[in-house]
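5 is the number of the first residue of the sequence shown in the working numbering; add one for each residue after it.
Each remark here refers to the structure printed beneath this line.
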Amino acid sequence: MSGMNTGASSNDAFYRPPSPAWQFHAKGRLGLVAVVLLLALVAVASLTRRGAAPVTSPAAMAPSFLDNLEGLQLLDQDGRAFRPAALAGKIVLLNFVFTGCAATCPTQTRELAALQRSLPASLRRDVRFVSISVDPLGDTPALLRAYGSSAGADFSSWTFATGRPQDIERLGERLRLFRGDASPSRPEDHATGLWLADGGGRLMQRYGGAGVDVARLAGELTRLRDLAAETRRTL
5 MSGMNTGASS NDAFYRPPSP AWQFHAKGRL GLVAVVLLLA LVAVASLTRR
55 GAAPVTSPAA MAPSFLDNLE GLQLLDQDGR AFRPAALAGK IVLLNFVFTG
105 CAATCPTQTR ELAALQRSLP ASLRRDVRFV SISVDPLGDT PALLRAYGSS
155 AGADFSSWTF ATGRPQDIER LGERLRLFRG DASPSRPEDH ATGLWLADGG
205 GRLMQRYGGA GVDVARLAGE LTRLRDLAAE TRRTL
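Dropping the structure here:
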């Protein structure tokens, strides 16, 4: 991930060579999730209409992926406190970067910026991009702002965050960001990839590898937005 490490190794437990089809066949999984959630919500609505006792929907009971950010002291690219509450109700794309990276990080950030620009305004307002630095001692808010600007990021819906070393290490443990002999003290050892959470904070996909298929991911964001709209109509 740095000048000495030009890309993820094939031995990386998280690494999967990028391809146009990606590696997790997200379309099928999202479709299955949509069917399951809709059936559950229809059942809940039916019971409610019949006067049955209140039922907690499966969606409401599911743990939130964004809970991984709770309790961490993070600052955004403007030096302001960044809290997961700011992401409530939004589809979230999360990745990890550091400004000293000379290979994968800047490439992935530029590809995500291209994705952000490709989204229509009606979809962009429902999506938040979050990039968290794995080099908290080196990456200041000002450096992260310059880094995001150089990649073409729109900060109105994209946060670049840093924090205390102990908080970044804790987050890395929660998300298994460093595996095997990898060390939080070596930011270039962090796993590449993207985490995609829906508007309810549920983790929908963990994409491995460094490549971003902009067209495909834009379609998946659209499907998540449409699923949320369909769910609201069903309630």
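Even for Gly, the Cβ is constructed at its ideal location relative to N, Cα and C.
Going by DSSP, which residues form a beta bridge with residue i?
i      : result
Thr111 : Beta-bridge pairing links Thr111 to no other residue.
Asn99  : Ser135
Phe164 : Ser135
Ala85  : Leu79
How would you call residue i, buried or exposed, if buried means at least 16 neighbouring beta carbons within 10 angstroms?
i      : result
Pro2   : Past the edges of the chain, shown from 5 to 239, lies residue 2, and the structure says nothing about it.
Leu141 : exposed
Asp230 : exposed
Arg33  : Note on Arg33: pLDDT 46, under 50, position unreliable in the model; no value is reported.
Arg129 : exposed
Gly212 : buried
Arg180 : exposed
Leu89  : Looking at the sequence shown, residue 89 is not Leu but Ala. Under this definition Ala89 is an exposed residue.
Leu77  : In the sequence under discussion, the amino acid at residue 77 is Gln, which differs from the Leu named in the question. By the 10 Å Cβ count, Gln77 comes out exposed.
Ser154 : exposed
Ala125 : exposed
Do you know offhand how far residue i's Cα is from residue j's?
i      : j      : result
Ala85  : Asp71  : 16 Å
Leu207 : Asn99  : 13 Å
Trp199 : Leu91  : 14 Å
Thr163 : Ala219 : 22 Å
Arg236 : Gly204 : 12 Å
Ala222 : Thr103 : 26 Å
Val101 : Ala232 : 29 Å
Glu234 : Gly93  : 15 Å
Leu79  : Thr238 : 38 Å
Gly156 : Gly75  : 30 Å
Pro145 : Ser137 : 10 Å
Pro58  : Ser68  : A caution first: Pro58 carries a pLDDT of 37, below 50, which makes its placement in the model unreliable, though a value can still be read off. In a straight line, the C-alpha of Pro58 is about 22 Å away from that of Ser68.
Ile172 : Pro110 : 20 Å
Ala150 : Gln81  : 9 Å
Leu73  : Glu177 : 12 Å
Terminal residues of the continuous beta strand (DSSP E) containing residue i?
i      : result
Leu200 : Leu198 to Ala201
Arg220 : Segment Val218 to Thr238 is the alpha helix (DSSP H) holding Arg220; no beta strand (DSSP E) there.
Counting along the chain, where does the alpha helix (DSSP H) carrying residue i start and finish?
i      : result
Gln170 : Pro169 to Arg178
Cys147 : In the sequence on display, residue 147 carries Leu and not Cys. Element bounds for Leu147: Pro145 to Ala155.
Arg206 : It is not in any alpha helix (DSSP H) - Arg206 carries neither H nor E in the DSSP assignment.
Ala125 : Ala125 to Arg128
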